[in-house]
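Structure first, then comments.
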Amino acid sequence: MMKALSHTRNNLLKGLLILICVSIILWNVSPSVEGRIWSSTKHLEEEIKPSKQSSDAEFLRRVHLDLTGKIPTVEAVVDFLEDGSKDKREKKIDELIGSELYLDYWTRLWSNWLIGRDDNNREQRLGLEQWIRQSLAQNMPYNQFVTALIAAEGSVEENGAANYLLRYDLSPVDLAAHTSRLFLGLPMQCAQCHDHKTEAWYQEDFYGLAAFFANIRLEEIREMDEDGGERVAERILKNAPKGSVYMPETHQPTPPSFLDGTRPTTPTVKQRQALSEWMTNKDNPYFCHAIVNRIWAHFMGKGFVEPLDGFGEEFPPSNPKLLDWLAKDFMIHGYDLRYLMRTLLNTKAYQRTSETNKSNQYDDLYYSHAYVKPLTAEQFFYSMLESTGFERLQKRRDRGQLENMKRRYLERFLFLIDNGEMEEVEAFNGTVPQALMMINGSLVNDSGSHKERGGLLHHILKTKRTKRDRLNQIYLTTLSRYPRTSERTYFDRYLRSSLYRNDALAYEDLYWALLNSAEFALNH
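Residue numbering for the sequence shown follows our numbering, beginning at 6 and increasing consecutively.
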């Protein structure tokens, strides 16, 4: 009997997962921006028809993930779906950009972009993240944001931006490689050992850039501690009068030089300031293009230039006119990142459904439909906390304890899914350890048990009396939408054919299947 019950349960679970997989297969601003997306592809209009606008539920989940790094709450979904105002999407974008969740998520995102996910130096990361959050809260212009990072000096404890330089151990070579990749979109690291094979960058160009970072010095001020030993009381970044980098083969010092071949006229102690001024200059062809491309890729699932540090002849932009226009518009509006985000998020291109039609099912270039993308590690983790009712399970703990628990869970989660390429890669594909944690982890098992008092499923079954309301709540909690008619019908058959004596076990299966579905793991 037990074997038969187990066999039946497995078959029914497979059926649920198949239905969810079929569902995902079926998904498949400004007028000036929208027009420019298609203006360069007029000849394709007869061949490629854009997909329709996304549903409100699809849009809300997508914009929540992209702006806050987590799925919306059930209350947020219901309120948005019941809102009949025509401008509710624009209002929701403004609301999220002005939220604390936005600051939390984009602080983590910028921290990962700047110093990777490696958490070996927690003090360094916390100092940098505190500075990032404050800068984002003030909506610091992007050119000032980058200048503050590159030209940082003074007390590290007072100037958190200095932790960006410390992350790379003040190494001129490492700082040149990362700075050019992140802020200019240039793969200069390839020229560290030899002239670039496909681009017009030479080894001397790379070391000329590295020379701008050659005179940074770290001074540690020590004092006696209570035990009679010494401790570092303060760390200060200073600019030394001299500093050099040497070409590997000639062992000759290389003077600082910009990538256009010119050299700074400022004193050595101000050479990083000179570099930041050259990088953020309105005539620099890379600075605005690189950040627009990065933000576009984050929202749209694919950049104009791929990879993001691939600017050059080898990887030309897919839509150079639109990229140029957006970069100039970004600069004209004061390097305002929030303005850039609003511009992109209010376009028809962003708000299209991911469901394709016959004409655009193979389009991966013209943004005729929303591109499905895997959740980032952090998006997956925080969405899992939301959908499992983590805070409900830990209701006896105060806010500080909750945040510490989240941090420990996140560290464990990142460790489990680490494949050796996680430090700076944003998107990831699920791994076996991730799946095991999802299936067997106490967090999921507790929240998905109808017997666990305080657990999410226990709460749903206790407060929702009808099958319809229970299904609604489970789907809203996990997939941020109401169940489709076909899904309700399937669950009805599941209940009738189940050998369970307690229907609560069937709801457990449904909750488990949705939480482990492709629809949950993807941003569509």
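We treat Cβ as the ideally placed atom computed from N, Cα and C, and that holds for glycine. Just so it is clear, the structure is predicted and the values come from calculations on it, not from any experiment.
- When DSSP states are grouped into helix, strand and coil, residue 239 belongs to the strand group.
- When the alpha-carbon of residue 254 is set against those of 212, 38, 517, 217, the nearest one is in 212.
- Only exposed fits residue 420, as fewer than 16 other CB atoms lie within 10 angstroms of its CB.
- Closest in alpha carbon position to residue 72, among 150, 376, 112, 180, is 112.
- Note on geometry: alpha-carbon atoms of residue 370 and residue 299 lie some 16 Å from one another.
- For residue 77, the number of other beta carbons within 10 angstroms of its own is at least 16, and it is reported as buried.
- The three-state reading of DSSP puts residue 154 in helix, counting H, G and I together.
- A direct Cα-to-Cα measurement between residue 86 and residue 106 gives close to 21 Å.
- DSSP places residue 66 in the helix class (H, G or I) of the three-state scheme.
- Residue 238 and residue 133 have their C-alpha atoms some 18 Å from each other.
- Rounded to the nearest whole angstrom, the CA to CA distance from residue 264 to residue 414 is 43 Å.
- Rounded to the nearest whole angstrom, the CA to CA distance from residue 462 to residue 276 is 60 Å.
- If you ignore the 5 residues before and after residue 396, its C-beta comes within less than 7 Å of the C-beta of 407, all in its own chain and listed in chain order.
- Within the same chain, and ignoring the five residues on either side of residue 153 in sequence, the residues whose Cβ sits closer than 7 Å to its Cβ are 166.
- Taken through DSSP and simplified to helix, strand or coil, residue 127 comes out as helix.
- For the 8 Å CB-CB criterion, residue 295 and residue 316 form a contact.
- Beta-carbon to beta-carbon, residue 157 and residue 169 are separated by about 7 Å, close enough to satisfy the 8 Å threshold.
- In the DSSP assignment, residue 244 is bridged to 221.
- In the structure shown, residue 161 adopts coil according to DSSP, grouped into three states.
- Counting only residues of its own chain and dropping the five nearest sequence neighbours on each side, residue 146 has a CB closer than 6 Å to the CB of 339, 340.
- For residue 374 against residue 60, the beta-carbon gap comes to about 14 Å, at or over 8 Å, which does not count as contact.
- Taken in chain order, the whole alpha helix (DSSP H) runs of length 4 or more contained in the segment 281-306 are 292-305.
- Taking 8 Å as the cut-off, the beta carbon of residue 53 is found closer than this to the beta carbon of residue 364.
- Taking 8 Å as the cut-off, the beta carbon of residue 379 is found no closer than this to the beta carbon of residue 484.
- Between the alpha carbons of residue 67 and residue 376 lies a gap of roughly 11 Å.
- Note on geometry: alpha-carbon atoms of residue 308 and residue 520 lie some 29 Å from one another.
- Selection 529, 126, 352 evaluated against residue 98 yields 352 as nearest (Cα-Cα).
- Taking a C-beta distance under 8 Å as the contact criterion, residue 81 and residue 486 do not qualify as a contact pair.
- Taking all protein chains shown into account, residue 504 has fewer than 16 neighbouring C-beta atoms within 10 Å of its C-beta and is therefore exposed.
- Around the beta carbon of residue 477, 16 or more other beta carbons sit within 10 angstroms, so the residue counts as buried.
- As computed with DSSP, residue 58 is found in a beta bridge with 357.
- The straight-line gap separating the alpha-carbon atoms of residue 241 and residue 95 is approximately 45 Å.
- Three or more pairs of CB atoms, one per stretch, sit closer than 8 Å, so the segment 212-221 contacts the segment 178-194.
- Counting the other CB atoms within 10 Å of its CB gives residue 256 a total below 16, which places it among the exposed residues.
- Taking residue 249 as the centre and dropping the five residues before and after it, the same chain places the C-beta of 219, 258 closer than 6 Å to its C-beta, in chain order.
- By the criterion of a C-beta distance shorter than 7 Å, residue 452 is surrounded in its chain by 393, 394, 398, 460, 461, 462, once the five residues flanking it on both sides are discounted.
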